[in-house]
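Notes follow the structure.
Protein chains: 2
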Amino acid sequence: MPRPTLEQVAQRAGVSRATVSRVVNDSPTVAESIRTAVRRAIDELGYVPNQAARSLVTQRTDSYALILPESPSRVFSDDQFFPGIIRGVSQELDSADKQLVLMVAGSQASHDRIERYALARHIDGVLIASMHGADPLPGTLARMGIPVLCGGRPLGQTRVPYVEVDNVNGGRMAVRHLLETGRTRIATIAGPQDMVAGIDRLTGYREELRGSDRRSIVAVGDFTRDSGAVAMRQLLEDDPDLDAVFVASDLMAHGALQALQAAGRRVPDDVAVIGFDDIALARYTEPPLSTVRQPIVGQGREMARQLLRLAAGEAIADSVILPTELVIRGTT
Amino acid sequence: MPRPTLEQVAQRAGVSRATVSRVVNDSPTVAESIRTAVRRAIDELGYVPNQAARSLVTQRTDSYALILPESPSRVFSDDQFFPGIIRGVSQELDSADKQLVLMVAGSQASHDRIERYALARHIDGVLIASMHGADPLPGTLARMGIPVLCGGRPLGQTRVPYVEVDNVNGGRMAVRHLLETGRTRIATIAGPQDMVAGIDRLTGYREELRGSDRRSIVAVGDFTRDSGAVAMRQLLEDDPDLDAVFVASDLMAHGALQALQAAGRRVPDDVAVIGFDDIALARYTEPPLSTVRQPIVGQGREMARQLLRLAAGEAIADSVILPTELVIRGTT
DNA sequence: CTGAAAGCGCTTACAG
DNA sequence: CTGAAAGCGCTTACAG
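Order-wise, the sequence lines are chains A and B. Our numbering applies: residue 271 is where the first sequence begins, and numbers increase by one. Our numbering applies: residue 271 is where the second sequence begins, and numbers increase by one.
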C-alpha cells in the first residue's frame, strides 16, 4: 500500500497540487471553502507530506543536531549531565516540531564524519556541548554559514554564541560557605582542565580562597566517580588534616565520599564535602550531598531556544549565563 | 557557498551524472580509470550526496527509529536501562552507517504523532522497547509493511519478532539462592504489572517459591527508586519478620535498601536483598548490591542487528532470548 | 485566489 | 561499460 501523494489529494479535492501545497503549509491565500475541501481529502486519504521531497526544494530539513564530543560509554553512563541536556534540548525542539539528531563523537573519525554530515546540510543547525580544549568544530561550521550554538563557553578564540552556567560563582559560593562554617583546610577536586566547567569551577575556588588566608589544595579528576575516589585518596595523602573539600561534580563527590569513609573520616564531622550539579543521586548518598545546583535541563532548553532563533535569522545575545545555587544537605 | 552537486562532479570529471552516481554507490560496472577520475573530482569539490534527493528516488531514508513509550523525564532519569538500550542500538546502527532517530512518547498525542511519522515512511524500520500493556503500535506498523522489532516480548496477541532477556529464570535464580542460603521468609518487590519485565520476574519468583514450602509476600513498584522504598515499608508492615527480598530492579532495590536501614534492619544480617539489572550503582550501594545481571547494552545491540536483517529482507527468528546471571555482592 | 510549469538533486531502467 | 532521459514528490515564482 503506497502512501498517498499531493497529486492524489489534489485530484480528490478537485484542485491543483499548488493549492494543496498551500493548504498543507498554511498559506493565508486560500479560500476558506477550498481549504475545507482539501483538508477533508487529506484526512480521507491519510496524507502525510514526503519530507525528502520537501527538503529537496526548500533546502531545509527541519532537523537540528546535538553534538556531544564524548564516547558513547560516557554519554550513556550514569553521569546525569548528558541525559539532562538531551532532555532539555529535545523538549524545546519537540514543541517547535523539529527533529533532534543526536551525534555522539568519541573518536576523531566520528568527529570528522559529523563535520561532513553538517556541511552536507543535512541539518538546519547545530548545538555542541561538553567540548574539550579549543575544538575547531563550532568555528568551522559557523564559517560555512551553519547556525551554531555552544553549551558552555568555547575555549580558544572561537566566536560562537553560547549558553553557560555560572561556574565561577558556583565555586565561590561553595568555598565561601565552607569558610563561613569554620573550615580551615579546604581542598578541591577539580574537573578536567581541558573543559571550561573544570577550569571555571577551579577558578571560583581559587578566587574565593584568595580573599582568605587559606592555601589551596588541589587534585584533578575527569568527572567520573572513580576519578573522584582516586583524587580524594591523593588529597588525604597530601594533607591528612584537611577538613573540607569542594568537588567539581556530584559523581566525583560520591567517589570522594566513599574514599573518605574508607579512610575512616566522618562526614561532615571530620571533613565537609560540597559537590556540583545536584543530580538525583545527591539526595541519596550517605549522608545526603550538599552541592551547587546547576540548571542542566534548563541549559539544554535555553540552548535549543537560542539556536532556533539564530536559525530563524533573529539576532541573539553572544552569551546567556544561567545562575547556580548552593544547596545545603548533610555533608556540610 | 552552495554545496556541489552530482552535476558539477560529472562536469569536472568529464563524465555523465549516471556514472558519478555509480561511483558514489559502488556499482561494480565502472571502468577503473573512470572511477579514479571521478573519485578525484569528488575529493576536490568536497562533494557529499544530498540525502533528500536520494531518498526521494530510492524511497529509503537509511534511518531507523527507536521508540520508547515513556515520558522524557523517565527516559532521561537516572534509570540506567534506557541509556543502555540506546547505546547498544546506536552502536550497531552506527557501524551499519544508519541514522538513529530517537522517539520518546510519553503521551497519547506523541504516540500518535510517532505512528504517523513511521507510516509516512520517514524511516526504514522501527524498534520499540519498554512497552506497556498490549500496545497496538507494533502490530499496526508491521501490518503496514514496516519492519518492526520489539525489545521485550509484546503482550497481547501481537506477532512481531522480539529480543528478550530471560526474566523468569533471573527471578528463579535469585529466589533459589535466597532459599539455599537459608532464608525462610522471602518477599518480592515486583515491577509494574503492565510490563513484561515486571510480570515475568514475578513469575520467576512465584515458580521457584512454589517448589519450596514458603509462601509468597508481594508488593508492586514501578521501577523507580521511590516506589521501591514505599513497597519495602509496606512489606515490613505486612510481615515484620521477613528475612529476604527479591527486587525487580536495582533502582527499586536501592530505595528498598534505604527503607530497610531506616527501619533499623541490618543488611544482609537481618534481611538479604537481591536486585535486578546490575547497573553501575549496584557496586556503590552500602553494602554493594547482589543482583541479577541482564545484558542491557547487549539487548540493544541484538535488537538493532535483528531489525537490520529484517529490513534487508532476510528471515529472522521470532524471538531471541538473552541469558541473565546472578551476581553475588554484599547484600546476601 | 488559483493553476501550469519549472526545478530541487538524485537513481535507474533502457539503449547502445 | 557509459549516457540520455524519465521520474521520485514536493514548492514557488509567474501569470492570470
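Heads up, the beta-carbon is just placed ideally off N, CA and C, and yes, glycines get one too.
Cutoff 7 Å; reference residue i; Cβ partners in own chain excluding five residues on either side
| i | result |
| --- | --- |
| B/R446 | E478 |
| B/I312 | V279 |
| A/I393 | T331, S333, Y334, A335, V371 |
| B/A388 | A335, V396, L411, I416 |
| A/V466 | G422, R423, L425 |
| A/D588 | P431 |
| A/V300 | T289, R292, V293 |
| A/I304 | V285, T289 |
| B/I355 | A399, G421, I566, Q569, G570 |
| B/T555 | H524, L527 |
| A/G403 | L425, D464 |
Proximal residues to residue i (C-beta, below 8 Å), its chain only, five neighbours per side dropped
| i | result |
| --- | --- |
| B/V541 | L512, D513, A514, V515, L530, R535 |
| A/A310 | At residue 310 of chain A the sequence reads Arg, which differs from the Ala that was named. So the list reads A283, once near-sequence residues are dropped. |
| B/P603 | Within the shown structure, residues of chain B are numbered from 271 to 602, placing residue 603 of chain B beyond reach of any answer. |
| A/D509 | R455, A457, I487 |
| B/Q576 | L419, P431, V433, I586, A587, V590 |
| A/A382 | In the sequence under discussion, the amino acid at residue 382 of chain A is Asp, which differs from the Ala named in the question. So the list is empty, once near-sequence residues are dropped. |
CB contact flag (residue i, residue j, <8 Å)
| i | j | result |
| --- | --- | --- |
| B/L521 | B/R495 | yes |
| A/A335 | A/V433 | no |
| A/T454 | A/R484 | yes |
| B/V318 | B/V290 | no |
| B/L580 | B/P431 | yes |
| B/P538 | B/F493 | no |
| B/G441 | B/T473 | yes |
| B/M401 | B/P353 | no |
| B/M502 | B/A526 | yes |
| A/G491 | A/S497 | yes |
| B/L506 | B/A523 | no |
| A/L551 | B/D436 | no |
| B/R344 | A/F346 | no |
| A/V438 | A/D470 | yes |
| B/P272 | B/L315 | no |
| A/E277 | A/R287 | yes |
Close-in-space but distant-in-sequence residues of the same chain around residue i (CB under 6 Å, 5 per side omitted)
| i | result |
| --- | --- |
| B/R563 | D548, E595, V597 |
| B/T458 | Y475, V488, F516 |
| A/S560 | I544, I598, R599, T601, T602 |
| A/I614 | What the structure shows of chain A is the stretch from 271 to 602, and residue 614 of chain A is not part of that stretch, so it cannot be assessed. |
| B/P603 | Because residue 603 of chain B is not part of the residues shown, which for chain B are 271 to 602, the question remains open. |
| A/A613 | Absent from the model: residue 613 of chain A. The displayed extent of chain A is 271 to 602, so no value can be given. |
| B/A574 | V359, E362, L363 |
| A/L449 | S482 |
| A/Q223 | With chain A covering only 271 through 602, there is no way to say anything about residue 223 of chain A. |
| A/V418 | V396, P408, L411, A412, V430 |
| A/D296 | none |
Residue i - containing alpha helix (DSSP H), residue span
| i | result |
| --- | --- |
| A/M573 | 566-581 |
| B/I598 | Looking at the DSSP string, B/I598 is not in any alpha helix (DSSP H), and its letter there is neither H nor E. |
| A/E277 | 276-283 |
| B/L559 | Taken as a continuous stretch (DSSP letters only), B/L559 belongs to no alpha helix (DSSP H), as it is neither H nor E. |
| A/L260 | For residue 260 of chain A there is no data in the structure shown, the boundaries of chain A being 271 and 602. |
| A/L326 | 321-328 |
| A/G409 | 407-413 |
| A/L425 | Here A/L425 belongs to no alpha helix (DSSP H), and DSSP marks it neither H nor E. |
| B/A379 | 378-389 |
| B/S343 | 342-345 |
Extent of the continuous beta strand (DSSP E) run through residue i
| i | result |
| --- | --- |
| B/M373 | 369-374 |
| A/T289 | Run containing A/T289: none in the beta strand (DSSP E); it sits in the alpha helix (DSSP H), 287-294. |
| A/G395 | 395-399 |
| A/V433 | 432-435 |
| B/A335 | 333-338 |
| A/S589 | 589-592 |
| B/G358 | Taken as a continuous stretch (DSSP letters only), B/G358 belongs to no beta strand (DSSP E), being part of the alpha helix (DSSP H) at 351-365. |
Residue i beta carbon near the ligand ZN (any heavy atom closer than 7 Å)
| i | result |
| --- | --- |
| B/D296 | For the ligand ZN, the structure offers nothing, since it holds no ligand at all. |
At which residue ranges does the region 455-542 of chain A contain complete alpha helix (DSSP H) runs of 4 or more residues, listed in the order of the chain? 466-480, 495-508, 520-532
Within 8 Å, do at least three Cβ pairs link the region 579-596 of chain A to the region 279-295 of chain B? no
Decide if the region 563-577 of chain B is in contact with the region 359-368 of chain B; the criterion is three or more beta carbon pairs, one per stretch, under 8 Å apart. yes
Count Cβ pairs between the region 316-329 of chain B and the region 319-330 of chain A that sit closer than 8 Å; are there 3 or more? yes
Check whether the region 422-438 of chain A and the region 363-372 of chain A are in contact - that is, three or more C-beta pairs closer than 8 Å. With the cut-off at 8 Å, the region 422-438 of chain A and the region 363-372 of chain A do not touch.
Taking only runs that begin and end inside the region 294-319 of chain B, name each unbroken alpha helix (DSSP H) of 4 or more residues, in chain order. Taking only runs of at least 4 residues, the alpha helix (DSSP H) segments lying wholly in the region 294-319 of chain B are 302-315.
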